[in-house]
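Heads up, the thing below is written out as structure tokens.
Residue numbers (this note's numbering): -17 to 290.
This is the structure in structure tokens:
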């Protein structure tokens, strides 16, 4: 099911940014493209976090050199200096890329900045967000932003930055920065190449189903309709990822989506689709599946998705 399936519909949004995302299973879900202002705010937050981590890394490198001098030890051998130089280059590269890759490859598909403003990365085709797509969209950020800025900064510090090069660098960065404003889906060039987009991910609560504790969910599962009792084999076909999708389907309460998902689940577990009673069926399956997954986590068993 689609990685964007936990994206819901809330009031007060710009309807011009509303889109319909169709999952590989044929489920239509409403998503809202993140506005350019939210993307810019998230980037500034992420750059602030990166700058802080980079400063800490540089200070750690300087501390190593200072330790040798403070201990009256001989000068660092060239081999050690070379190693520190390589480490500095690797650290600089990781500061630009590993931060974004680590968080966007996670379950939330969002960096600290994106989480702060309520947006996340999703695949435009409705499928799962792949590692290849995340790597592609973030490596292109080097060309869009980091490499030109680093070139202008280093040249400026050395006094070799010409006026033409400065204006050319600003024009280069500015053209990529304004690119999301020139297309209706607010895509940057990395999104175009990777087949991704950034969508809003509001915090929503599924009343009556999303309990705060495992004990409460298990209690709800125990009170489920007797018509919909599922065995271990029937619950084992899905994992956490599919649970999130099911949660979103219940949040949006779209009758067609619930009918499609109920039919898909019934096909997997060998049940007859509950015509006209899809919501009760899905609520019971959601509650019992969530309780099962949390029991497994307490015993150190975790299933990320149906393929795990």
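Note that CB positions come from ideal geometry on N, CA and C, so glycine has one too.
#1: On the DSSP bridge assignment, give the partners of residue 105 in chain order.
#2: Whether or not the region 88 to 97 and the region 147 to 161 are in contact is what I'm after, with contact meaning three or more pairs of Cβ atoms, one per stretch, closer than 8 angstroms; do they touch?
#3: Between residue 277 and residue 236, what straight-line distance do the alpha-carbon atoms span, to the nearest angstrom?
#4: Give every residue of the same chain whose Cβ lies closer than 6 angstroms to the Cβ of residue 0, excluding the five residues on either side of it in the sequence, and list them in chain order.
#5: Excluding the 5 residues flanking residue 225 on each side, which residues of the same chain have their C-beta closer than 8 angstroms to its C-beta?
#6: Alpha carbons only, please: which of 45, 77, 241 and 11 is nearest the one belonging to residue 32?
#7: Taking 8 angstroms as the cut-off, does the region 165 to 184 touch the region 16 to 29 (at least 3 CB pairs, one atom from each stretch)?
#8: What residue range is occupied by the uninterrupted alpha helix (DSSP H) comprising residue 116?
#9: If we count the other Cβ atoms within 10 Å of its Cβ and call it buried at 16 or more, is residue 103 buried or exposed?
#10: Taking all protein chains shown into account, decide if residue 149 is buried (16 or more other Cβ within 10 angstroms of its Cβ) or exposed.
#11: Look at the alpha carbon of residue 257 and the alpha carbon of residue 181, and state the distance between them as a whole number of angstroms.
#12: So who's on the other strand from residue 152, going by DSSP bridges?
#13: How big is the Cα-Cα spacing for residue 141 and residue 109?
#14: Return the CA-CA distance between residue 137 and residue 126, expressed in angstroms with no decimal places.
#15: Please state whether DSSP places residue 233 in a helix, a strand or coil.
#16: In the DSSP assignment, what are the bridge partners of residue 12?
#17: Need the endpoints of the alpha helix (DSSP H) that residue 97 sits in, please.
#18: Between the beta-carbon of residue 116 and the beta-carbon of residue 86, is there less than 8 angstroms?
#19: Quick check on residue 260: buried or exposed, where buried means 16 or more other Cβ atoms within 10 Å of its Cβ?
#20: Look at residue 178 and residue 90 and say whether their C-beta atoms are less than 8 angstroms apart.
#21: Who are the near neighbours of residue 120 in its chain, counting only those whose CB is closer than 8 angstroms to its CB and skipping five residues on each side?
#22: How long is the line joining the alpha carbons of residue 43 and residue 72, rounded to whole angstroms?
#23: If I follow the unbroken alpha helix (DSSP H) through residue 131, where does it start and stop?
#24: Leaving aside the five residues before and after residue 241 along the sequence, list all residues of the same chain whose C-beta is less than 7 angstroms from its C-beta, in chain order.
#25: So, at 6 angstroms on beta carbons, what are the nonlocal neighbours of residue -2 in its own chain, with the 5 sequence-adjacent residues on each side left out?
#26: Give the single residue among 227, 133 and 100 whose Cα lies nearest to the Cα of residue 3.
#27: Quick one: what does DSSP say residue 259 is sitting in, helix, strand or coil?
With the structure as the only source:
#1: 178
#2: no
#3: 30 angstroms
#4: 14
#5: 268, 271, 272 and 275
#6: 77
#7: yes
#8: 113 to 123
#9: So residue 103 counts as buried.
#10: exposed
#11: 33 angstroms
#12: Partner(s): none; residue 152 has no beta bridge.
#13: Cα-Cα distance, rounded: 49 angstroms.
#14: 18 angstroms
#15: helix
#16: DSSP lists 2 as partners of residue 12.
#17: 94 to 99
#18: yes
#19: buried
#20: Remark: C-beta atoms of residue 178 and residue 90 do not approach each other more closely than 8 angstroms.
#21: The residues are 79, 82, 83, 86 and 172.
#22: Straight-line Cα distance between these residues: approximately 13 angstroms.
#23: Start and end: 129 to 140.
#24: The residues 260, in chain order, have a CB closer than 7 angstroms to that of residue 241 in the same chain once the five nearest residues on each side in sequence are set aside.
#25: Only residues of its own chain outside the window of five on either side were considered, and among them none has a CB closer than 6 angstroms to the CB of residue -2.
#26: 227
#27: DSSP places residue 259 in coil when its eight states are reduced to three.
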